[in-house]
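Enquirer: One structure coming up, written as C-alpha cells, with questions to follow.
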Amino acid sequence: METGEATSESMERLRRRLLDAAQRIVERAGGVSVTLDITLDMVMKEAGVSRTSLYRAWPRKEEFEVDLLCDLAGPSWQGTAAFDEETILLARNVVAERLELLQTSGGREQLLREIVRRAANQNFSALVASAQWRTYVALTATILSMPDEDRRTRVRDSLQQAEAVFIQHMAVFYEGMSAILGYRLREPDLGFERLAAVGAAVVEGLGLRQLISAATVDAPLILEGPNGPEEWSLAAYGFFGVINQMIEPDPGYDVTTALTDYLKSLAQQEVSSE
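In C-alpha cells:
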C-alpha cells in the first residue's frame, strides 16, 4: 500500500510529465499565444497518459491552465532561452583567440568591440528564434488583462522569478567579461544587474520591433572599425551604445592578475555546473 509521501511523489511525477508534454507542444508551435491555444487532448496524447490520470493531477481544466502558464513563465523553462549558452561561449572564444590584445588599452578596446559585435548579434538571433521568448512576450502582454486575480498574481510571480534568474546570470557574465577586458562600471552603485537589465531592454525591444518592421531591424550596418569596414547588426550596435555609456577602462588593470582570476572563475563555473 502506498504511503502518503509516496503517493505525493507519484502525483508530482505525473504532473511534471504532463507539463513537460505541454512544453514540447508549445515549443513545436513556436510559442504560446495569448489565448493559450492548447487542448487537454493534445497534452494527454503527447504525454501518453489517460484522461483519468490527467484529472487525478488536475480535477479542473482551469487548474491545469494556471499551472501550465506558471510553468511556462517560470525560470525552469524561460531560463533556457534567456541565458543563451552559445552567446556566452562565443564571447569567451573571442577572448581566447585574441589574448595578445589584452596587453594594451587599445587592444582591449578593440577586443571589447569585437565581442559585442559578434556575441550581441548571436544573442539577438537566438532570442527572436526562441519559442520561450515569444511565450514570455505573450504572457507579459496579457497578464494585466487576466480577470482572475489569483491567476494574474501567480503568473506575474513566475515571470518575476524568471527575470531575476536571467538578470543575475547575465550580471555575473558581464562582470567577468569586464574584469578580463580591463573595464569597470562608470557608476559602481548601479551594479552589473542594471547593465544586464538595460542591455536586455535594447535587444528584446528590437526583437519586438522586428515583428513589425523586419527590414529595418535586420538590415546590416557597415561601419568603419579598427581594421577596416565591419558588419554590425542593429541590436549589437545598440547594445554597444549601452556598454560604452555604462563602463569605462579600469586604471588599475593588471593583465596577469585579470587573466588568473578569469581562468579561476571559469574553472569554478565548470565545477558548479557538474
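So the sequence shown is residues 1 to 274, counted in UniProt numbering.
Cβ atoms here follow ideal geometry from the backbone N, Cα and C, with glycine treated the same way.
Since the structure is predicted, the reported quantities are computational estimates derived from the model, not experimental observations.
Output the boundary residues of the alpha helix (DSSP H) element that contains G107.
Expert: That run of the alpha helix (DSSP H) goes S105 to V128.
Enquirer: Roughly how many whole angstroms lie between the Cα atoms of R60 and M11?
Expert: Their Cα atoms are separated by approximately 15 Å.
Enquirer: Can you tell me which of the three DSSP states P249 falls into?
Expert: It is a strand residue.
Enquirer: Please identify the residue among A215, L206 and F173 whose C-alpha is closest to the C-alpha of L195.
Expert: With distances taken between Cα atoms, L195 lies closest to F173.
Enquirer: State the start and end residues of the unbroken beta strand (DSSP E) segment that holds E230.
Expert: Per DSSP, E230 belongs to the beta strand (DSSP E) from G228 to W232.
Enquirer: Assuming the contact rule is C-beta atoms closer than 8 Å, P249 and G199 should be a hit. Round their C-beta distance to whole Å, please.
Expert: Actually they do not touch by this definition, with Cβ atoms about 19 Å apart.
Enquirer: Establish whether the CB of T153 and some CB of chain E are separated by less than 8 Å.
Expert: No chain E appears in this structure, which consists of one protein chain only.
Enquirer: Compare the beta carbon distance of L259 and I143 with 8 Å and say whether it is the shorter of the two.
Expert: Taking 8 Å as the Cβ cut-off, L259 and I143 do not qualify as a contacting pair.
Enquirer: Can you check which of these residues, G205, P251 and T256, is closest to E100 by C-alpha distance?
Expert: Ranking the options by Cα distance to E100, first place goes to T256.
Enquirer: Examine the Cβ distances between the stretch 223-241 and the stretch 153-168 and report whether three or more of them are shorter than 8 Å.
Expert: No, the stretch 223-241 does not touch the stretch 153-168.
Enquirer: For A119, which residues in the same chain have their Cβ closer than 6 Å to its Cβ, ignoring the five residues on either side in sequence?
Expert: Excluding sequence neighbours, A119 sits near T87, L90 and A91.
Enquirer: May I ask you to report which of helix, strand or coil DSSP gives E187?
Expert: Reduced to three states, the DSSP call for E187 is coil.
Enquirer: For my contact list, R98 and A57 are in at a C-beta cut-off of 8 Å; report their separation, rounded to the angstrom.
Expert: About 53 Å separates the two Cβ atoms, so there is no contact after all.
Enquirer: Quick one: measure Cβ to Cβ for V116 and A236, integer angstroms, because I've assumed they're closer than 8 Å.
Expert: At roughly 6 Å, the Cβ-Cβ gap stays under 8 Å, so V116 and A236 are in contact.
Enquirer: Taking only three categories from DSSP, how would you classify I212?
Expert: Helix at I212.
Enquirer: Under the rule that 16 or more other beta-carbon atoms within 10 Å means buried, what is E114, buried or exposed?
Expert: Classification of E114: buried, given that the 10 Å Cβ count is 16 or more.
Enquirer: Out of A126, A138 and Q245, which has the shortest C-alpha to C-alpha gap to G31?
Expert: For the residues A126, A138 and Q245, the minimum Cα distance to G31 belongs to A138.
Enquirer: Considering only the alpha carbon of each residue, which of N93, A73 and N244 lies closest to R152?
Expert: Here the closest residue by C-alpha is A73.
Enquirer: Apart from the five residues just before and just after E230, which ones in its own chain have a Cβ nearer than 8 Å to its Cβ?
Expert: Closer than 8 Å at the Cβ level, and outside the excluded window around E230, lie R117, I222, L223 and E224.
Enquirer: First and last residue of the alpha helix (DSSP H) that includes E175?
Expert: Residues E149 to L181.
Enquirer: Secondary structure at G207, three-state DSSP: helix, strand or coil?
Expert: Helix.
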